[in-house]
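See below for the structure under consideration.
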Amino acid sequence: MSGLKAWLLQRISAVYLAGFLVYFLGVLLVCSPLSYADWSNWMSSTTMALATTLFFIALLSHAWVGIRDVLLDYVKPFALRLTMLILLAIGLLVMALWVIRILLTGAAV
Amino acid sequence: MHFSVYRYNPETDDKPYMQEYEVAVDAGMMLRDALLDIKFQDESFTFRHSCGEGVCGSDGVNINGTNGLACITPISVLKEPVEVRPFPGRPVIRDLVVDMTQFYHQYRSVKPYLTVHDPEPEEEYRQSPEEREKLDGLYECILCGCCSTACPSFWWNPDKFRGPAALLQSYRFIADSRDQATAQRLEELEGPYRLFRCHSIMNCTNVCPKGLNPTKAIGEIKKIMLKNNT
Numbered sequence: 001m002s003g004l005k006a007w008l009l010q011r012i013s014a015v016y017l018a019g020f021l022v023y024f025l026g027v028l029l030v031c032s033p034l035s036y037a038d039w040s041n042w043m044s045s046t047t048m049a050l051a052t053t054l055f056f057i058a059l060l061s062h063a064w065v066g067i068r069d070v071l072l073d074y075v076k077p078f079a080l081r082l083t084m085l086i087l088l089a090i091g092l093l094v095m096a097l098w099v100i101r102i103l104l105t106g107a108a109v
Numbered sequence: 001m002h003f004s005v006y007r008y009n010p011e012t013d014d015k016p017y018m019q020e021y022e023v024a025v026d027a028g029m030m031l032r033d034a035l036l037d038i039k040f041q042d043e044s045f046t047f048r049h050s051c052g053e054g055v056c057g058s059d060g061v062n063i064n065g066t067n068g069l070a071c072i073t074p075i076s077v078l079k080e081p082v083e084v085r086p087f088p089g090r091p092v093i094r095d096l097v098v099d100m101t102q103f104y105h106q107y108r109s110v111k112p113y114l115t116v117h118d119p120e121p122e123e124e125y126r127q128s129p130e131e132r133e134k135l136d137g138l139y140e141c142i143l144c145g146c147c148s149t150a151c152p153s154f155w156w157n158p159d160k161f162r163g164p165a166a167l168l169q170s171y172r173f174i175a176d177s178r179d180q181a182t183a184q185r186l187e188e189l190e191g192p193y194r195l196f197r198c199h200s201i202m203n204c205t206n207v208c209p210k211g212l213n214p215t216k217a218i219g220e221i222k223k224i225m226l227k228n229n230t
């Protein structure tokens with residue numbers, strides 16, 4: 001993915017990340033869940049579970065486009081760039097799997 | 001007034017150095033006049049200049065860290081010592097004279113001329129005042145290179161990224177109601193480098209001596225690409 005699609009993904013994910021963070025931090029500030037049960041209920045409600053999953057999808061794809069941009073700008077030697085892109089992809093993938101695990105375990109509790 | 005000027009002659013100097021000059025200044029004097037005075041004091045010093053009124057775009061230099069045209073920069077607004085250097089990121093030919101080949105190459109690559117596939121009209125190409133208005137803020141570019149050489153994306157990838165000046169010109173023809181090559185122009189700009197190395201940091205707009213806004217033009221190109229792709 002490059003050019004227009006990458007740019008679009010970066011913009012859309014940025015808007016979602018900003019919106020979600022404002023809402024999430026707003027809730028914590030204004031009516032912070034008082035107990036673990038409250039928190040758990042809130043986080044595992046269908047809407048919130050969906051929104052959180054979307055948040056991490058947006059976060060990881062935003063990170064992919066952004067860091068790839070930095071590598072395209074600054075890392076010139078092809079082999080080094082490829083290695084770093086592969087490492088980045090693996091890193092983000094591991095984080096994605098980790099997030100899925102956390103979200104699934106959270107949902108199970 | 002005190003000036004510190006970048007000097008480099010690849011034939012005699014191992015590396016570039018800054019040389020100090022004192023110039024007696026008058027009210028209303030432009031930086032170009034000061035540079036001419038320096039050249040009078042020391043004729044080994046060289047810089048490009050021609051029209052002296054911000055039209056030819058020859059005397060683009062880096063003034064106290066910001067690109068601009070020496071001929072329309074009043075020295076009264078400059079902080080002492082005035083540091084004058086060549087455009088950043090360009091190979092130096094000598095002193096303030098740089099090699100702009102890559103800049104012109106990128107300009108040529110956007111095919112900066114009207115492309116019409118229909119047979120030529122009998123008399124003239126018609127354009128409404130509204131259609132003509134769309135070219136304002138685009139056609140005034142004098143290709144001095146202040147914007148592209150102030151752009152980090154152009155510093156890192158001058159061979160692949162078109163740069164703000166060329167992209168402004170690309171949009172000048174995309175926006176032209178008479179041009180019939182919009183689709184090819186857009187297609188040519190796809191990919192990670194040519195257009196999309198721009199991260200909208202707006203150095204270009206900040207330094208443009210003609211007050212143009214390449215960042216906005218680049219944004220418009222992206223908008224049209226988006227519209228044509230959905």
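Line by line, the protein sequences are chains U and E.
In this text, residue positions in the first sequence follow this note's numbering: the first is 1, and each later residue adds one.
In this text, residue positions in the second sequence follow this note's numbering: the first is 1, and each later residue adds one.
Just so you know, even glycine gets a beta-carbon here, dropped at the ideal spot from N, CA and C.
F103/E and G163/E: beta carbons closer than 8 Å? yes
V82/E: first and last residue of the uninterrupted beta strand (DSSP E) it sits in: 82 to 85
Nearest CA to the CA of V84/E: which residue from K134/E, M225/E, L135/E, Y21/E? Y21/E
With a threshold of 8 Å between beta-carbons, can G3/U be considered close to chain E, or not? yes
At 4 residues or longer, what runs of the alpha helix (DSSP H) sit wholly inside the stretch 17 to 50 of chain U? 36 to 44
Quick one: any contact between the stretch 117 to 130 of chain E and the stretch 149 to 168 of chain E, if contact means 3 or more CB pairs under 8 Å? no
Grouping DSSP H, G and I as helix and E and B as strand, with all else coil, what is I93/E? strand
Along the stretch 5 to 35 of chain U, what residues have a CB closer than 8 Å to any CB found in chain E? A6, W7, L8
Local conformation of S61/U per DSSP, three classes: helix
I think L167/E touches I221/E, with their Cβ atoms under 8 Å apart; what is that distance to the nearest whole Å? 7 Å
According to DSSP, simplified to helix, strand and coil, what is T66/E? strand
Identify the contact partners of M225/E in chain U, using a Cβ-Cβ distance below 8 Å as the criterion. L4
Flag N229/E as yes if its beta-carbon sits less than 8 Å from any beta-carbon of chain U, otherwise no. yes
Partners in chain A for L72/U, counting only beta-carbon separations shorter than 7 Å: Given the protein chain composition of this structure (U and E), no chain A is represented.
Looking at the strands, I want to know which residues DSSP matches up with Q19/E. V5/E
Amino acids of chain U, ordered along the chain, whose beta-carbon sits closer than 9 Å to that of S200/E: None at all; the shortest Cβ gap to chain U is about 10 Å.
I'd like the list of long-range same chain contacts for N67/E, defined as Cβ closer than 7 Å, with 5 residues on each side in sequence excluded. G60, F87, C146, T149, A150, V207
Contacting residues, own chain, Cβ-Cβ under 6 Å from F56/U (five flanking each side not counted): V99
Neighbour list for S153/E in chain U, Cβ cutoff strictly below 9 Å: D73
Taking 8 Å as the CB-CB cut-off, is K222/E touching chain U? yes
Over what stretch of residues does the alpha helix (DSSP H) that includes E131/E continue unbroken? 129 to 133
Beta bridge counterpart(s) of V98/E as assigned by DSSP: V92/E
Element boundaries [alpha helix (DSSP H), containing C204/E]: 203 to 207
Who are the neighbours of F196/E on chain U, taking C-beta pairs under 8 Å? S2, G3, L4, A6, W7
Kindly confirm or deny that the stretch 37 to 53 of chain E and the stretch 72 to 80 of chain U touch, where touching means at least three C-beta pairs closer than 8 Å. no
If we call anything under 8 Å between Cβ atoms a contact, is V98/E one with P16/E? no
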